[in-house]
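Throughout the sequence shown, residue numbering follows the numbering used here, covering -1 to 402 in sequence. Working notes, beginning with the structure itself.
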Amino acid sequence: MYEPITNQQLISVAEEFGTPVYVYHAEKIAQQYNKLTQAFKDHPTRFFYACKALTNINILKYLKQLGADLDCVSINEVKLGLKAGFSPKQILFTPNCVDFNEITEAQALGVNINIDNISILERFGNKFGASYPVCIRINPHIEAGGNYKISTGHIDSKFGISIHQLRHMERIVKTTGLHVQGLHMHTGSEIKDVNVFLRSLEVMFSVASHFDSLEFLDLGSGFKVPYKDDEPETDVQTLGLKLTEAVKAFEIEYGRNLEIWFEPGKYLVSECGSFIVKANVIKQTTATVFVGVNSGFNHLIRPMFYDAYHKISNISNPNGAERIYTVVGNICETDTFAWDRVLNEVREGDYLVFHNAGAYGFEMSSNFNSRLKPAEVLFSEGHAYLIRERDEFEDLMRNQLEVL
Ligand SMILES: *Cc1c(COP(=O)(O)O)cnc(C)c1O
-1 MYEPITNQQL ISVAEEFGTP VYVYHAEKIA QQYNKLTQAF KDHPTRFFYA
49 CKALTNINIL KYLKQLGADL DCVSINEVKL GLKAGFSPKQ ILFTPNCVDF
99 NEITEAQALG VNINIDNISI LERFGNKFGA SYPVCIRINP HIEAGGNYKI
149 STGHIDSKFG ISIHQLRHME RIVKTTGLHV QGLHMHTGSE IKDVNVFLRS
199 LEVMFSVASH FDSLEFLDLG SGFKVPYKDD EPETDVQTLG LKLTEAVKAF
249 EIEYGRNLEI WFEPGKYLVS ECGSFIVKAN VIKQTTATVF VGVNSGFNHL
299 IRPMFYDAYH KISNISNPNG AERIYTVVGN ICETDTFAWD RVLNEVREGD
349 YLVFHNAGAY GFEMSSNFNS RLKPAEVLFS EGHAYLIRER DEFEDLMRNQ
399 LEVL
């Protein structure tokens, strides 16, 4: 059962482990996972957790226990997945612009491979022929997603093989004898409109009819979660009904059963995450009141990188008078988390929480300004477990060689 973490529990975590700290609520991940499996219960459907969102080994193990499979974009993510206990067949490798050696390494490990370039398809076909099945990533040229940086299906995108290169794909498959077991499309992130998925699926069907031994259709991700209170979440229930109906109809025409595959990242792990920081200084200028916190875009880059909105709460003073603040970090560059944000009065030393910080939070953190990366905590069944130690000074020197 999912019970949100209380402010008091978050404060206890901050006091026990220090700040800044990422906290992930396990039961929230389970709730999201269950919503997906429930919505697609009427059709064989597999959910490959897109682990680039958050790769802590405990999160991978937890999702494995829930029954999820794993989508990986680098060979190291594949290795982390194997280490977490996923079997090779539970792993899908979806790389882009990698060295061919990385693909043969994945082949040797026995994982599912998604190919997204004509030249790679040709090399893979020449080397392995019919001996190793593959999935092909198609670019359907559909404009979708919340933001240009996270749209991947449009005409200028580097991802996938264009649907206009279908003849070329067919030629390679025929000549090399490749066994194409699946088709894949991932048109972007944060897609609100269920019809976008249906449009991708229509394109998928038209391509699928050119391949006769498909076992699955992979629709990637794009599930949206709300970052602001009034924002919608992708209606997975309706999506489940509509997609299931469309795929069942196509199966009759196609003459084979087809599994549906998805690769949710954000949907599974965004909302589970709280990022706790401390207000170091309140700085009143002639134009605004800044809250300067003990973190920066080196720990949570989404506001600066994607103009992302993260809801912030002052958990130390939840009933304080509401005031307007600009919340900034301590990096020596423009480093703004939130402009003109209404918060309960913030005092120096108060703990602030960034909500929805599970996906692409810790994972995109860096040591810029020689700052230390934060700790990570897993919160499960009322207990808080430290799952990554905060960096120490020595970590900054690791791998550096002093030659002077
Ligand atoms: C990033 C990515 C995902 C996950 O996207 P979310 O928006 O986090 O759900 C899924 N599939 C592929 C191939 C990706 O690159």
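Note that CB positions come from ideal geometry on N, CA and C, so glycine has one too.
With a threshold of 16 other beta carbon atoms within 10 Å, E320 falls short and is exposed. Within its own chain, the residues whose Cβ lies closer than 8 Å to the Cβ of E1, once the five positions on either side in sequence are excluded, are E25, listed in chain order.
Between N5 and I310, the CB-CB gap reaches or exceeds 7 Å. Look at Q398 here: in three-state DSSP terms it is coil, with no helix or strand label. Near ligand 1, meaning a beta-carbon closer than 6 Å to one of its heavy atoms, we find A48, K50, A51, D69, V71, T92, H184, S187, G218, S219, F221, E261, P262, G263, K264, Y265, A357.
Annotated as distal: I116 and H177, with beta-carbon spacing of 7 Å or more.
By the Cβ test, the segment 297 to 306 is not in contact with the segment 387 to 402, since fewer than three Cβ pairs between them sit closer than 8 Å. Cβ-Cβ distances below 8 Å link L370 to R388, D389, E390, F391, D393, L394 in the same chain, with the five nearest sequence neighbours on each side left out; the list follows chain order.
Rounded to the nearest whole angstrom, the C-alpha separation of Y22 and T334 is 23 Å. For the 7 Å CB-CB criterion, N367 and E343 do not form a contact.
Within its own chain, the residues whose Cβ lies closer than 7 Å to the Cβ of A48, once the five positions on either side in sequence are excluded, are D69, S219, E261, P262, G263, listed in chain order. When rounded, the separation of the alpha-carbon atoms in E269 and V326 is 22 Å. Boundaries of the alpha helix (DSSP H) around F248: 234 to 252. Between the C-alpha atoms of E346 and A82 there is a straight-line separation of about 41 Å.
A straight line joining the alpha-carbon of K39 with that of E13 spans about 42 Å. Runs of the beta strand (DSSP E) lying entirely within the segment 242 to 328, each at least 3 residues long, are 257 to 260, 271 to 282, 287 to 291, 310 to 312, 320 to 326 in chain order. Here DSSP, grouped into helix, strand and coil, assigns F360 to helix. Annotation: E103 to I73 spans about 8 Å, alpha carbon to alpha carbon. In the structure shown, I159 falls within a strand segment according to DSSP collapsed to helix, strand and coil.
C-alpha of P372 to C-alpha of L239: approximately 41 Å in a straight line. C70 is bridged by DSSP to F91. Under the three-state reduction of DSSP, F38 is assigned to coil, being neither helix nor strand. Excluding the 5 residues flanking it on each side, K87 has same chain C-beta neighbours closer than 8 Å at G108, V109, N110, in chain order. In the three-state scheme derived from DSSP, where H, G and I count as helix and E and B as strand, G79 is classed as helix. Here the alpha carbons of Q36 and H182 stand approximately 22 Å from one another. Within the same chain, A244 come within 6 Å of L199 by CB-CB distance, once the 5 residues on both sides are set aside. As a beta-bridge residue in DSSP terms, T334 pairs with V326.
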